[in-house]
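J.: Before I ask anything, let me first share the structure, which is written out below as structure tokens.
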Amino acid sequence: MMGSQLDTMSRPPVHHCVSPASLFASLLGLLGCLALTGCRQLPALPRVLFVSVGTNADQKIDANGLSELKADMAFLANGFRRIDPKTVFQLSLYSDDDLLPVMQRRNRAALGPDLFLINGDTSRLLLKAGLVQAFPTTREELNRFTPATVHRLRTAQGQLAGLPAYLQTQLACFNSRRLPTPPGTLNQLLAVSAAGHQVGLSLRAADVFWTAGSQGAIPGLEQAIRRQQPTAAQLKTIEGWLAWLQDASNQHRVTFYADQAMAEQQLARGQLDWLPCRSTSLVRLRRKMGAALGVTPLPRGDGGEASPMNRLRVWALGSNSDALARERAIRFARFSTNPLIQRELTVSTQAVLPTNRFVEVPELSSTVLAAMVRASVQGEQAARLISLLEINDPRVASAQYVITELVFGQLTPKAATRLLINDLINKP
């Protein structure tokens, strides 16, 4: 792979210290050169594409994260420069939580990016705020993606908030030397904990939501999110789900972490044996754990398959971009969805899945890719539910409060069920 021309700086105003005399002399020299027929043509300047990348709450903006992002972008950038050699990419990283106010300030200063790489729900939020322009597509281009994927990015007005780039999945990571046979069910997960293995879970509602599907609680939660009262049977499954979370928190060797990065460090150091993880963490964990890193789909339960919240990453067009930069941004985004490019990115990183539905993932060649494909199927039930919520919906914060209070024993499963359903139905 060729080295990439990537810069980690955001777009700053440029200041050069030049004296008036030297500036005047330079201008005279330039004008004199242009007047002479023997002057050679000036070399074309590089065309800079400014890309802002949103990071999730469980990702740290540090040197390691930036290095991994540059490695992922290098593959796409080097390929694109074969058809547009003068394009260079300048990257900047922002937390998803800060993206809206930061970009509002930068746009007011005419410093907004040409292109975003963000989560699908974030792209809809930025489009609504006028920080992103609807992505222009043809019917042929949209046919590359499943109708469900396109639907997730459509606004009520029919605009497309972004072009699907790739899918990040939620999986189970474990230390294969300490835990040769990973748990395949929720009951087995608690059993391996009781047998002496250290298990980590997340306190963040989005990261522990996978257990809701395993307990069969998704239909009732979806009903409540639609502001309709769940049936008695559905309420029972929701209470059973919350009861399992509280039972897990009472286990001596189950630890709930508020910081996903800290939990991953514990796994890498051998202080945890099993942990839900994001596919984007696999590169970092492989580097630290080597062959000891095992990867499987998340455990199912008596209520069905796990319901991981997989993340659809999209290219979104900045509204502060000029016409030439926007044309390059569109061409680059479309280039990244080419079947060959998507397959190579998937196989080389083994950390993301293609969004182009015509790309066949070689599952038989890798247990990791097989686990990711399984996770993508498992996540379809959560994706339907997520599509009913806006990223800034206050009910998301209410659900987080209920989960936190439940795990710390401040709410019983029955009380937590009442409070959660009431907030989902009635909270404005």
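If you're matching positions, the sequence shown starts at 10 in the working numbering and goes up one per residue.
By construction, the Cβ of each residue, glycine as well, lies at the ideal position given by its N, Cα and C atoms.
Identify which residue in Phe-367, Val-370, Asn-329 and Leu-199 has its Cα closest to the Cα of Leu-284.
T.: The residue labelled residue 284 in the question sits at position 275 within the sequence shown. It is Leu-199 whose Cα lies nearest to the Cα of Leu-284.
J.: Write down the C-beta distance between Ile-127 and Val-292 rounded to the nearest angstrom, noting that I regard them as a contact closer than 8 Å.
T.: For the purposes of this step, residue 127 is taken as the residue at position 118 of the sequence shown. For the purposes of this step, residue 292 is taken as the residue at position 283 of the sequence shown. Not quite, the Cβ-Cβ distance comes to about 20 Å (not below 8 Å), so this is no contact.
J.: Since Leu-503 sits in a beta bridge, which residues does DSSP pair it with?
T.: Absent from the structure is residue 503, since the part of the chain shown begins at 10 and ends at 437.
J.: Go through its chain and collect everything with a Cβ distance to Leu-251's Cβ below 7 Å, but skip five positions before and after it.
T.: Start at 1 with the first residue of the sequence shown, and residue 251 comes out as number 242. If we look at Leu-251 and ignore the five residues flanking it on each side, its Cβ neighbours are Leu-415, Pro-422, Ala-425 and Thr-426.
J.: What is the DSSP secondary structure of Gly-310, counted as helix, strand or coil?
T.: By 1-based counting over the sequence shown, the position of residue 310 is 301. Here Gly-310 sits in strand by DSSP.
J.: Going residue by residue through the region 299-357, where are the continuous beta strand (DSSP E) segments of at least 3 residues, counting only ones entirely within it?
T.: If we require 3 residues or more, the beta strand (DSSP E) runs fully inside the region 299-357 come out as 302-305 and 320-327.
J.: Indicate whether Val-263 and Ser-316 have their beta-carbon atoms separated by less than 9 Å.
T.: Residue 263 sits at position 254 when you count from the first residue of the sequence shown. Residue 316 sits at position 307 when you count from the first residue of the sequence shown. It is not a contact, given that the beta carbons lie outside the stated cut-off.
J.: What are the boundary residues of the alpha helix (DSSP H) that Pro-228 is part of?
T.: Counting from 1 along the sequence shown, the entry for residue 228 is found at position 219. Unbroken alpha helix (DSSP H) run through Pro-228: 227-234.
J.: Along the chain, where does the beta strand (DSSP E) containing Arg-56 start, and where does it finish?
T.: By one-based count along the sequence shown, residue 56 stands at place 47. From DSSP, the beta strand (DSSP E) with Arg-56 extends over 56-64.
J.: Starting from Thr-2 and walking both ways along the beta strand (DSSP E), at which residues does that stretch end?
T.: Here the chain has residues from 10 to 437 only, and residue 2 is not among them.
J.: What's the C-alpha gap between Gly-249 and Gly-222?
T.: Counting from one through the sequence shown, the residue named residue 249 turns up at place 240. Counting from one through the sequence shown, the residue named residue 222 turns up at place 213. Whole-angstrom Cα-Cα distance: 11 Å.
J.: Measure the C-alpha to C-alpha separation of Val-141 and Ser-328 and round it to an integer number of angstroms.
T.: Reading the sequence shown from its first residue, position 132 is the one you call residue 141. Reading the sequence shown from its first residue, position 319 is the one you call residue 328. Approximately 5 Å, taken between the alpha carbons.
J.: Along the alpha helix (DSSP H) that carries Asn-259, what are the first and last residues, could you check?
T.: Against the sequence shown, residue 259 aligns to sequence position 250. Residues 241-259.
J.: Where Glu-273 and Ala-332 are concerned, what is the direct C-alpha to C-alpha distance, given to the nearest angstrom?
T.: In the sequence shown, the residue the question calls residue 273 occupies position 264. In the sequence shown, the residue the question calls residue 332 occupies position 323. Straight-line Cα distance between these residues: approximately 43 Å.
J.: Mind reading off the beta-carbon distance from Ile-434 to Gln-207? Whole number of angstroms is fine, and I expect it under 8 Å.
T.: As a first step, residue 434 must be located in the sequence shown, where it is residue number 425. As a first step, residue 207 must be located in the sequence shown, where it is residue number 198. About 38 Å; that fails the 8 Å criterion.
J.: Between which two residues does the alpha helix (DSSP H) harbouring Gln-390 extend?
T.: Within the sequence shown, numbered from 1, the residue matching residue 390 stands at position 381. Here the alpha helix (DSSP H) through Gln-390 covers 389-395.
J.: Would the beta-carbon of Ala-138 fall within 9 Å of that of Ala-170?
T.: Here residue 138 refers to the residue found at position 129 when the sequence shown is read from its first residue. Here residue 170 refers to the residue found at position 161 when the sequence shown is read from its first residue. It is not a contact, given that the beta carbons lie outside the stated cut-off.
J.: Using 8 Å as the threshold, is the region 95-113 in touch with the region 294-308, meaning 3 or more CB pairs across them?
T.: Too few Cβ pairs lie closer than 8 Å, so no.
J.: Considering Cα atoms alone, identify which of Gly-299, Asn-65 and Gln-224 is closest to Arg-213.
T.: Locating residue 213 in the sequence shown gives position 204, counting from the first residue. Considering only alpha carbons, the answer is Asn-65.
J.: Cβ atoms of Arg-320 and Leu-210: under 9 Å apart, would you say?
T.: Counting from 1 along the sequence shown, the entry for residue 210 is found at position 201. Counting from 1 along the sequence shown, the entry for residue 320 is found at position 311. No, the Cβ-Cβ distance between Leu-210 and Arg-320 is not below 9 Å.
J.: Give the secondary structure of Phe-183 by DSSP, where H, G and I count as helix, E and B as strand, and everything else as coil.
T.: Translated into the one-based positions of the sequence shown, residue 183 becomes position 174. Correct three-state label for Phe-183: strand.
J.: Mapping DSSP to helix, strand and coil, what is Thr-264?
T.: As a working mapping, residue 264 is identified with position 255 in the sequence shown. Reduced to three states, the DSSP call for Thr-264 is strand.
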